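Numbering (the working numbering), first residue to last: 11 to 707.
Quick reminder that beta carbons are idealized off the backbone N, C-alpha and C, glycines included.
Predicted model only: the values in this text are computed from it and were never measured.
The structure under discussion appears below in the form of C-alpha cells.
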Amino acid sequence: MGKTYNTPDFKINRKKICSALTPTWKQLFGINRPKQDGYWRNVLWSSRTSVSMRLIFESYQIVKNKREVYLWLPEFFCAETIADFMIDGLHLVGYPVTNTFEPDWNTIKEIESPIDMFIHVHFFGECLDISKARSFCDKNEAILIEDCAHVLYDYGKIGKKGDFSLFSPHKLLPIFDGGIIKYNENNVTVSQIVELLKRKLTGCEKNTVKTLVWKLKKTTQKVFKISRKIELNYEPHILEKKSKRETQEKISSWSQKTVNGYSYEELKKISYDRKENRAFVDAIIAEIDPDVVMLTTEQNECPFFAVYSLKNVADPKETIERIKRIGLDVSFWPSLSSEGCSEKLSSETLELSKNLIVIPVPQTLSITELAKKISTGKKNSLEGMGVRHLQDGAEDKKDWETVLRQCRFTNVTQDWTYAEAKNKAQHWRVNRYIITENNVNIGAVQVLFKAIGTWKIAARVNHGPLFIDGKQTIENEVTAIEMIRKSDFRCVLFFYVPFSFMNVENYAFMVQHGWLNWNRLGFPSGIVSLKKTKEELMSTLDSKWRNQLKKALKCNLTVRTDSERYEEMLEIYQQDQESKRFDGVEDHLIRTMFTLEDVPVRVFYVTDESNNIMAFDIFYQHINTATYYIGWNSVEGRALCLNNLLLYTAAETFLQEGLSYLDLGGIEPIYTEKIAKFKDGMKPKKYRHMGEFLKWR
C-alpha cells in the first residue's frame, strides 16, 4: 500500500485581477519588429474607427454630391463614436436589435425613412448574420458598413460582405490608436470613396511624445498591475451630450508597426487565450449567481468581453457587488446617446442597456489567477489507493497491458514500448507503476526521468496515469502522481501532463493543488471511432473530404504496408522538417522504434510508376488504438489527394483488425491550420489534454 497524500482545504482567492491590456516588454522597448507575413494587407489605416466612419461619410457626400445623408445604425450604439463621426448633413435613423444583438428586421421593415448607408455591428466579436443586411442594402442601393470594432481579424463570414469593414485593433491589441478600413470595390461609388480615403490616409503620424506618455502609463500598469476603475450602476447607461474628441486622422507610426508585428498565427493565439479566459470567467459568474445569463457564445472566436444579462437575477445590485468582491472588473458597454433618448430609444434598448454587464477578458489576463477563484468541488479520495513499482519482467508487462486493455482510451506516451524507445534513443530512464484500490489493479503510469548516477534531476509523466474505465478522474490521477512523487521523486523537477481533458474544473483543480502551468495551449487532437462498419466509416466523412478520397481511389494506386523503405521515408521527413522549419518527431527516436523487438509503428505508402515514394503515413499502434504519428505528401501526391487515400486506408485497415479507435495525432488550429482542417474532414470527436505542469517540492 502506498503512502497517502493529504491536500489542505483550498480557499477562493479574492485578490483583485488586473484586466488592463498591456504590451510585452519587447513591444515597449521597440524590439518587436514588423513581420513580412503581418496579417493586414491591402487595407487603409486610420487613427480609430470613428474617424474611419467620419471620413467615409464625408467622402460619400462628395462622391454623390449630396449634403443630406441618411445613416441607419443600431439604437444600441456607442455615444462616443457617434459624437466623433457626426458631420453636418448626417441624419441618424436608429433601429432596434434583438436580445441576441441581431438587427430586428421585423421592425426595420416598418421604418419609413430614406437610406444611404447602413451600419451592421458584430457586437462583442460575435459573428452575426450579415447576409440579410447585404440583401437589404442591395435592394435599397445603400452602402453597407460592417462594424467589426470588437473583432480582432476577419474570421468566418466577418468582413466579407460589407462595402466597408471597419476594425479597431487598439481595442484588442496593446496600442493607443489604430483603425483599419477593409473595402470591397464592387461598385463605382465605393471605388470613388476609396480613392478619396487613400488621399487622406496615406502615411502615418509620428506622435513621439504621445507614444512615450502612453508607454509610461502602460509600464506603470504592467509593473503595479493597475486597471482602470469604472463605476457601474444598475440603470440604462446614457451619456450626456458629448463634444467631438480632437483626433488625428492617420494612425501613429508606432501603433501601425506594432500591429504589423503580429502574424496570423499570433492573432489566432490571442483569440484562443481570450476565449479560454471567457470560459473561466463564465464559470466564476455561474458560481456567484446561476441566474446570470451568458450572452457570449461558443462560436465567438475572439470575445471582446465576457457579456452577461442580469434580467433574470433576483438582486442585480448585490450580484454586481459580489462580482467586484471576488476581484473581477465589471463594467458596461455601450453608453447610449442622450440626444432625445426618452423619445428615440425603444424600451427594449433601454432594458438591454440596464441589464447588460461586461467583464474584460484580455489575452494578458492570468488564467492561473482566474482558476484560483473557482470552487472545483473536487476532493482527493485516498482511502484504499496504493502504487506498486514494477520491474521489467514479462509478468509485470503482462499486468501492465491487462490494466491498459480495461482503459477506455490509451495513448502513445504511456505505452510500454514507447518508454523502451525513449530509453534507447534519448537515454531516459523509466519507472513503471501499477495503481491499486484495495489491492485491485485499477491504473498504470510510467515516469521517465533523467539522472546522474543515482541522483535524479528531472522526471516527466506525459498523458497519464491511465485508469480502467470509470476510474479516470483528475482526482485519481493527481492522487497517484503525488504518491509516486513524494515516495520516489521528492525535491526533483517533476513535469506532468495529466491525461484528463482540459476543462475549467480540471485546470482549476491542478492549480489549486500547487501545480504550476507553463504551457497554456495544451495538446488538442481528435478520435475517430472504429466500432462501425466500413460503410458507416465512409458515410461519416465530410462530403468534400469524401469526394477527394473518391478522386484518389479512381487512380487505382496500390497502398503498400511494408516497412522495408522506412529509412528512405525518414530521410524525406527529416528534409521536410528542415525546409519547413517544424519540430515534429525527433529523428533518432522514430528510427529506434523500427529496430525494437516489438515494432509499434505501422507504415502506409504509395509509389509512382518509377517506384518513387509519392506519399506516406506512419502510425503508432498501442493496445486498442492507432495514432497518426508522422506523414509526408509530395506535390504530385497532393494533386491526387493521396493524403486522403492513406489516412482512410489506414482507418479501414485498423477497423478490420479489430482496433477500437484512430487518434489523428494532433488537431492544432493555430500553427497548423491547414493540417487541422484536413483532419477535421474525418469528423473526429475533438478533445484537448491540459498543458504541462511543474512541481519541484
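Simplified DSSP assignment, three categories, for residue i
i      : result
Cys158 : strand
Leu355 : coil
Ala324 : coil
Gly189 : strand
Glu331 : helix
Val103 : strand
Tyr658 : helix
Lys13  : Interpretation of Lys13 is limited by its pLDDT of 39, a score under 50 that renders its predicted location unreliable; the figure taken from the coordinates is listed afterwards. Reduced to three states, the DSSP call for Lys13 is coil.
Ala461 : strand
Tyr697 : strand
Glu215 : strand
Phe509 : coil
Trp426 : helix
Phe504 : strand
Tyr70  : helix
Gly135 : helix
Val368 : strand
Trp528 : coil
Gln266 : helix
Met96  : coil
Tyr639 : strand
Ser175 : strand
Pro18  : Below a pLDDT of 50, predicted positions are generally treated as unreliable, and Pro18, at 40, falls in that range; no measurement from the model is reported.
Gln482 : coil
Asn516 : helix
Ala30  : coil
Asn433 : helix
Ile203 : helix
Ile118 : helix
Leu338 : coil
Ile494 : helix
Opening and closing residue of the alpha helix (DSSP H) in which residue i lies
i      : result
Met624 : It is not in any alpha helix (DSSP H) - Met624 instead sits in the beta strand (DSSP E) that spans Ile623 to His632.
Ser345 : That residue, Ser345, is in no alpha helix (DSSP H); it is neither H nor E in DSSP.
Lys466 : Run containing Lys466: none in the alpha helix (DSSP H); it sits in the beta strand (DSSP E), Trp465 to Gly474.
His708 : Residue 708 is absent from the structure shown; the chain starts at 11 and stops at 707.
Ala143 : Ser141 to Asn150
Lys278 : Tyr274 to Ile298
Arg398 : Taken as a continuous stretch (DSSP letters only), Arg398 belongs to no alpha helix (DSSP H), being part of the beta strand (DSSP E) at Met395 to Leu400.
Gln258 : Here Gln258 belongs to no alpha helix (DSSP H), and DSSP marks it neither H nor E.
Glu311 : Taken as a continuous stretch (DSSP letters only), Glu311 belongs to no alpha helix (DSSP H), as it is neither H nor E.
Asn243 : First-last for Asn243: undefined, no H or E at that position.
Gln37  : Trp35 to Leu38
Arg648 : Val645 to Ala649
Ile377 : Ile377 to Ala381
Val413 : Ala404 to Leu414
Bounding residues of the beta strand (DSSP E) (the contiguous stretch that carries residue i)
i      : result
Tyr723 : Since the first residue of the chain shown is 11 and the last is 707, residue 723 is not available in this structure.
Pro534 : Phe533 to Ser539
Ala316 : Phe315 to Ser319
Leu704 : Phe703 to Lys705
Val53  : Here Val53 belongs to no beta strand (DSSP E), and DSSP marks it neither H nor E.
Asn441 : Arg439 to Glu447
Tyr165 : Note, Tyr165: premise wrong, no beta strand (DSSP E); not H, not E.
Among the options, nearest to residue i - alpha-carbon criterion
i      : options                           : result
Leu38  : Lys227, Phe146, Ile121 and Trp642 : Lys227
Ser614 : Thr602, Leu183, Val302 and Tyr658 : According to the sequence shown, residue 614 is Phe rather than Ser. Checked all of Thr602, Leu183, Val302 and Tyr658; the closest Cα to Phe614 is Tyr658.
Thr6   : Ile66, Asn621 and Gln373          : The structure shown does not extend to residue 6, since the chain is modelled only from 11 through 707, so no value can be given for it.
His101 : Asp94, Tyr80 and Glu112           : Tyr80
Cys88  : Asn194, Leu162 and Pro246         : Pro246
Gly396 : Thr420, Glu447, Phe509 and Ala429 : Glu447
Ile369 : Ala316, Asn116, Ser363 and Pro344 : Ala316
Glu136 : Glu151, Pro124 and His160         : His160
Tyr272 : Ile185, Thr212 and Glu215         : Ile185
Val595 : Glu581, Asp608, Leu606 and Thr571 : Glu581
Arg144 : Met127, Tyr517 and Leu414         : Met127
Gln416 : Ile333, Lys235 and Ile478         : Ile478
Leu563 : Met692, Leu655 and Asn513         : Leu655
Asp187 : Arg209, Gly172 and Asn217         : Asn217
Asn421 : Ile27, Ser644 and Gln631          : Gln631
Expected contact under 8 Å - CB spacing of residue i and residue j to nearest Å
i      : j      : result
Ser345 : Leu249 : 4 Å
Ser553 : Lys260 : No, Ser553 and Lys260 are not in contact; Cβ-Cβ is about 47 Å, not under 8 Å.
Ala381 : Phe290 : 7 Å
Thr59  : Ser178 : 5 Å
Asn441 : Gln456 : 7 Å
Minimum length 3: unbroken beta strand (DSSP E) runs contained in the region 544 to 630
For the region 544 to 630, whole beta strand (DSSP E) runs of length 3 or above, ordered along the chain, are 611 to 617.
Suppose only complete runs of 4+ residues qualify. What are the alpha helix (DSSP H) ranges in the region 663 to 697, listed by chain order?
Runs found: 683 to 690.
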